[in-house]
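Q: Can you read through this structure? Questions will come right after.
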Amino acid sequence: MRQAHTVEQVRAAEAALMARLPEGALMMRAAHGLAQAVADWLGSTYGRRVLLLVGSGDNGGDALHAGALLARRGAGVEAWLLSDQVHAGGLAALRAAGGQVVPAGVQTGPRWGTRWGARPEVVVDGIVGIGGRPGLRPAAQEALARVEGVPVVAVDVPSGVDVDTGEAPQPHVRATFTVTFGTHKAAHLVDPAARAAGTVHLVDLGLDLPAPGVESLQAADVSRLLPRPSDDAHKYTRGVVGVRAGSATYPGAGLLSVAGAACGLAGMVRYVGDAAVADRVRQAHPEVVGAGRVQAWVVGSGTGDDAAATLAEALADAREHRLPVLVDADALHHLTGPLDVPAVLTPHAGELAAMLDEDRAEIEARPLHFAREAARRYGCVVLLKGRHTLVSTPDGRTRATTTGTPWLATAGAGDVLGGVIGALLAAGLDPFDAASVGSWLHGAAATLVSRGGPLVAGQVGGAVADVVRALPAP
Ligand SMILES: NC(=O)C1=CN([C@@H]2O[C@H](COP(=O)(O)OP(=O)(O)OC[C@H]3O[C@@H](n4cnc5c(N)ncnc54)[C@H](OP(=O)(O)O)[C@@H]3O)[C@@H](O)[C@H]2O)[C@@H](O)CC1
Ligand SMILES: [K+]
């Protein structure tokens, strides 16, 4: 599990560990990890040009110490100080290692602003870390503008983003990769900040941390959580998923929801809906049967004018038999308040905006906030679709999905996702696990069929089996 802790949690764990270690030991662990990551990325150190942007706090201290380590391995290292006060030990170390230092406010050389007369090969963003406020001050913005186009490695977090919320409303660094320390932070997993962080490399510091507020499943977690048939399983013990989606106007939504539900993770799929759609479903998926008892419902997509009635029928059955329900698309607009059955809602940003009476742009700027808000308001698990899909519970616990490919942004992908999650609900996972595992599998399946190129939604359900096959042993 990739875990993301808050600044407050990190500070507390750091204080407890620092009390047992010699002064500066944690910063040196961080600096060694940072220097190694930069060296690995460059492929060598001797003669390479590394520019440090150094703010007033320990984040700048990390950059200076890492710069000193790189300078000792032969790199040309220059530090631009963005404040009159920077980490004294780090500054002394860089100077002692032969690094160049350009004090705050000093106009630097002609071409790239460095004494090399050539572009730096990498910029190390030590402007601000977990002690910063969102946004960048003018000195940092000017420095970044002078080295525009040079790859940036962010120290701990891309400076300027909001570390605990993943929001990035103001100017901020856009990194090629980020080297973080001790644990991940929400900004590494949650967009838009996660996009600014690039690839994230974690340096272990040995912190003793509490339960995280945000986490991200990895292949091993999915393998552990995945319901697998027992030796004596039959189709009913594996769970039956019922799909109420699609209509004469939107038959494709029914077909694709079934394509997801029929990914093989449940024992059986029932389709309940328009007769003509049901015929087409049976042609495409002969194993799918009609109405009867189910263990979970998938309801909503493509139900058009019938959405309210279809939702009401599914909820009535779910109430009677205490079944979980996945509600998507058209049906989302007919929810009025907290649900009284276990449920997963799967809106995209536009649908969530309508559900919460907000602007879509606001939802996209603050997805973690609004996923949690919706989960509280509707009293169930909410999955907010996006590049990093978020799954939140009413108490705020959140998982971010980091599998997937931009090619998955295609019509019908959400229908398949709903079906896959429905299968997992029917197979017995609780709504939080079903939604997060389903989202992970859906993203991984899309990456598999995409192989770097375009895909159509219908391919994704069928590829879930290959993803499951490739999971590590539980
Ligand atoms: N935790 C750990 O386990 C370890 C942490 N370590 C490292 O320490 C980092 C945290 O260091 P930190 O506490 O000194 O805070 P940090 O973010 O460097 O600077 C805060 C100062 O910057 C300023 N400032 C504020 N906003 C700003 C802005 N937008 N733009 C520009 N400046 C801004 C403000 O000062 P001001 O200028 O206002 O006086 C504020 O006081 C952490 O991210 C990690 O890298 C590792 O070394 C070891 C293990
Ligand atoms: K930084």
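Those letters in the sequence shown? Residues 1 to 474, by UniProt numbering.
Quick reminder that beta carbons are idealized off the backbone N, C-alpha and C, glycines included.
Note down, in chain order, each residue of its chain lying with its Cβ closer than 7 Å to the Cβ of Pro367, except the 5 sequence neighbours on either side.
A: Hits under 7 Å: Val190, Asp191, Leu384, Gly386 and Leu390.
Q: Does the beta-carbon of Ser247, which I'm using as the reference point, lie nearer than 6 Å to any heavy atom of ligand 2?
A: No, Cβ of Ser247 sits at least 6 Å from all heavy atoms of ligand 2.
Q: Ligand 2 and Asp125: does the residue's C-beta get closer than 6 Å to at least one heavy atom of that ligand?
A: Yes, Cβ of Asp125 sits closer than 6 Å to a heavy atom of ligand 2.
Q: Under the rule that 16 or more other beta-carbon atoms within 10 Å means buried, what is Ala16, buried or exposed?
A: So Ala16 counts as exposed.
Q: Measure from the alpha carbon of His87 to the alpha carbon of each residue in Gln141, Leu335, Gly60 and Val77, then state which is nearest.
A: Residue Gly60 is the option with its Cα nearest to His87.
Q: For Glu8, which three-state DSSP category applies?
A: Helix at Glu8.
Q: Please determine, among Val163, Val341 and Glu121, the residue with the shortest C-alpha to C-alpha distance to Asp317.
A: Ranking the options by Cα distance to Asp317, first place goes to Val341.
Q: So, is Pro110 buried or exposed, given that buried needs 16 or more other C-beta atoms within 10 angstroms?
A: Unreliable positioning characterises Pro110 in this predicted model, as indicated by a pLDDT of 43, which lies under 50. The coordinate reading is nonetheless provided below. The residue is exposed, with fewer than 16 neighbouring Cβ atoms inside 10 Å.
Q: On a Cα-Cα basis, can you pick out the residue from Ala400, Gly438, Glu351 and Val54 that is closest to Gly300?
A: Comparing Cα-Cα distances from Gly300 to each of Ala400, Gly438, Glu351 and Val54, the minimum goes to Glu351.
Q: So Ala426 and Cys263 are supposed to be a Cβ contact under 8 Å. How far apart are they, rounded?
A: Contact doesn't hold; Cβ gap of about 11 Å is too wide.
Q: Taking three-plus beta-carbon pairs below 8 Å as touching, is the region 326 to 333 in contact with the region 291 to 311?
A: Enough Cβ pairs lie closer than 8 Å, so yes.
Q: Among Gly252, Val289 and Ser439, whose alpha-carbon lies nearest the alpha-carbon of Gly412?
A: Closest option to Gly412, Cα to Cα, is Gly252.
Q: Extract the residue ranges of the beta strand (DSSP E) inside the region 137 to 191, only unbroken runs of 3 or more that lie entirely within it.
A: If we require 3 residues or more, the beta strand (DSSP E) runs fully inside the region 137 to 191 come out as 152 to 155 and 177 to 181.
Q: Would you kindly check if the distance between the Cβ of Thr402 and the Cβ of Ser216 is under 7 Å?
A: Contact: yes.
Q: Can you check which of these residues, Pro286, Ala291 and Gly260, is closest to Asp274 by C-alpha distance?
A: Closest by alpha carbon: Ala291.
Q: Work out the CA separation of Asp84 and Phe370 for me, nearest whole Å.
A: Near 39 Å, if we compare the C-alpha coordinates of Asp84 and Phe370.
Q: Can you list, in chain order, the residues of its chain whose CB lies under 6 Å from that of Val163, leaving out five sequence neighbours each side?
A: Once the five neighbours on either side are set aside, the close Cβ partners of Val163 are Val7, Ile130, Val157, Lys185 and Ala187.
Q: Which same chain residues end up closer than 6 Å to Ile363 when comparing Cβ atoms and leaving out the 5 residues on each side of it in sequence?
A: Counting only Cβ-Cβ distances below 6 Å, and skipping sequence neighbours, we find Ala349, Leu352, Ala353 and Phe370.
Q: Flag this pair as yes or no: are the beta carbons of Asp221 and Met1 separated by less than 7 Å?
A: Yes, the pair counts as a contact, with Cβ atoms nearer than the cut-off.
Q: Under the criterion of a Cβ to heavy atom distance below 6 Å, does Arg137 qualify as lining ligand 1?
A: The answer is yes for Arg137.
Q: Just tell me which of Ala374, Asp415, Val153 and Gly418 has its CA closest to the CA of Thr398.
A: It is Ala374.
Q: Restricting to Cα atoms, I'd like to know which of Pro454, Ala444 and Val382 is closest to Arg469.
A: Closest by alpha carbon: Ala444.
Q: Quick one: is the Cβ of residue 476 within less than 6 Å of any heavy atom of ligand 2?
A: An answer regarding residue 476 cannot be provided, because it is not within the stretch 1 to 474 covered by the chain.
Q: Just list the beta strand (DSSP E) runs in the region 315 to 344, keeping only unbroken ones of 3 residues or longer that don't cross its boundaries, in chain order.
A: Counting only runs of 3 or more, we get 325 to 327.
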